[in-house]
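Worksheet for the structure shown next.
Protein chains: 2
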Amino acid sequence: MGTVTAPWNQLLLNALESNSHLKHSSYVQLATIGSNGRPSNRSVVFRGFHENSDNILINTDTRTRKIEELKHCPFAEICWYFTDSWEQFRINGRIDIIDGSNPDSEKLQVRTWGNIISPNCCKFHYVQIREKSWFASSPRSRLQYLGPYPGLPHLSEEPQETSVDPSAGPVSEFCLLVLDPEQVDYLNLKTNQRLMFTSTQSQIGERCWTSERINP
Amino acid sequence: MGTVTAPWNQLLLNALESNSHLKHSSYVQLATIGSNGRPSNRSVVFRGFHENSDNILINTDTRTRKIEELKHCPFAEICWYFTDSWEQFRINGRIDIIDGSNPDSEKLQVRTWGNIISPNCCKFHYVQIREKSWFASSPRSRLQYLGPYPGLPHLSEEPQETSVDPSAGPVSEFCLLVLDPEQVDYLNLKTNQRLMFTSTQSQIGERCWTSERINP
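Chains as they are written, first to last, in the numbering used here: chain A, 6 to 221; chain B, 6 to 221.
Put into C-alpha cells, the structure is as follows:
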C-alpha cells in the first residue's frame, strides 16, 4: 500500500472537483468476476481515499454477491466516467474486505487506546476506518443494512426496521471495501489524450508509478 | 437469439426516453474478463437494438483489448446507470464479434441481392448490420478507425488520416459487438424496486423470460 499519492491522483481529484455539482459524479462501476466465471458489474459509491494513500473506499453490505465474488477473486476494475468533463478512469487493483469479523478488532481497540497504531499497519487501521465510514453514512444509508437480504425474493410482509440508534457502531452487515490501485488507464475525450499509469510494488510495500502516453 | 422483445425491454426504452436529453445516457460500462483473469471495465456507446430483438449493438475497434478478451471469454456484463431517472440495468450475456473477416460475407452479398436472407439467419444478417452501423457513424467516428493502434505508445510523428471517403464501406478495423442478454438485474433507486429477469433458451433458440421482484 502506498502512503504517497500517485501521479494519477491529482487528475482524479481535479475531475472530482470539476464534476462535483453532479450527485452522480461519485458513482462508479465496479467489475468483479462472478462465481460462475462470468464478469459482474454494478454501480457503487466512492467514499473517498484512505488517508495518505490512493486506496479507494467503498461501503457495501456483506450479504451482496460481490463479497462472495471478491473472496473468490480479489481483483476488480472500476470504470469511472465523469459526464461533465468527459474523462474516464479505469482503475484496476486488488480489494481488501474489511468486515466486523476481522479477528484483529479486539487487539486493535487496545492498540488504538494505547496509540501504538501506525497508519501503515493496514488491517488494524482499517477497522477504525470501517467505524468512521459507518458514522459518516447518513441514518438512511445505515438503515439499509438492517433491511431484508439483498437479492432474495421480495416479501412485502417482512417487518422493516424504521430507525437505527445514531450512537451505535457498525452492524455486522456493514462492510468496507478497500481498493489498492495497481494500474490506472486515463482517457480524456475532450483532448483525446490517454495516459497509462502502471505501478510496481517494492519489497517494503511501497508503490512506484510510471506513466506513459498511449493511443486512445 | 430472441425475436420477440423481452419484458425488461420496455423498462429500458422508457429509461432511454426519460434520459434522452443527456448525451451520456447512451454510455454504458462493459465488463469482460482480461487475458490475465482479472476483470476489465470500460465505457462504450449503446448503438441500439438489433432489429426485432433485444440484442444490444456496440461499435468498436478490432485492435482494442476487449476483442482479444472476448475471444477468450465471450461473456460480458453491461452496467447502465441512468443519472436522471436513477435506474440501473445490469445486463449479462454472451457477445458475438462481427468483424470484416466473417467468412460468409461474400455469400451474404449474393444472398442479400437475391433477397434470400431471413432476419433470423444471424451471422449473415449481422454482416449487413455491420455495414449499416458503419454508415450510421459520423465521419469523425469513422476516422478513429484509421488512427494509430489503440493502447500502443503515442508517437506524435505518426501521420494522421484527415478524411474518409463517405461512400466507402467499413474498414477492417471496424467491428460490431452483439450482446445477447441472458439475465437483466433492474434497480430503481427512486422507488427502491429491484426486478430480476432471467431467461432460458429453447432448442430452436427462442428465449423465454421470467421475472421476479427481489430485495434491493
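Idealized CB from N, CA, C, for every residue including glycine.
- Proximity to T205 (chain B) across B:K76, B:S216, B:A36 and B:R147 peaks at B:S216, based on C-alpha coordinates.
- Counting every other CB atom within 10 Å of its CB across the protein chains shown gives Q165 (chain B) a total below 16, marking it as exposed.
- Here S48 (chain A) is bridged, per DSSP, to A:Q34.
- Ranked by Cα distance from A11 (chain A), the first of A:E187, A:Q208, A:S168 and A:Q198 is A:E187.
- Closest in C-alpha terms to R212 (chain A), from the list A:G98, A:F140, A:S30 and A:S25, comes A:G98.
- In this structure, Q34 (chain A) and C84 (chain B) form a Cβ contact; the two beta carbons are roughly 5 Å apart against a cut-off of 8 Å.
- Of all residues in the region 41 to 74 of chain B, only G42, R43, P44, S45, N46, R47 and S48 place a beta-carbon less than 8 Å from a beta-carbon of chain A.
- Put simply, the CB of T37 (chain A) is near chain B, with a gap under 7 Å to one of its CB atoms.
- Among the residues facing chain B, R145 (chain A) is not included, as its CB has no counterpart in that chain under 7 Å away.
- Rounded to the nearest whole angstrom, the CA to CA distance from A141 (chain A) to A36 (chain A) is 25 Å.
- Listed as beta-bridge partners of L62 (chain A) by DSSP are A:V183.
- For T65 (chain B), the number of other beta carbons within 10 angstroms of its own is at least 16, and it is reported as buried.
- By a beta-carbon distance limit of 8 Å, R68 (chain A) contacts P155 (chain A). Their separation comes to about 5 Å.
- Measuring C-alpha to C-alpha distances from N57 (chain A) to each of A:N14, A:F80, A:F94 and A:D104 identifies A:N14 as the nearest.
- Apart from sequence neighbours up to five positions away, the residues of its chain that approach L200 (chain A) with a beta-carbon distance below 6 Å are Y191, S216 and R218, ordered along the chain.
- Chain-order list of chain A residues neighbouring F80 (chain B): R43 and P44, by C-beta distance under 7 Å.
- Boundaries of the beta strand (DSSP E) around L200 (chain B): Q198 to Q206.
- Interface annotation for the region 173 to 202 of chain B against chain A: empty, criterion Cβ-Cβ distance under 7 Å.
- Counting only residues of its own chain and dropping the five nearest sequence neighbours on each side, V169 (chain A) has a CB closer than 7 Å to the CB of P144, R147, L148 and L151.
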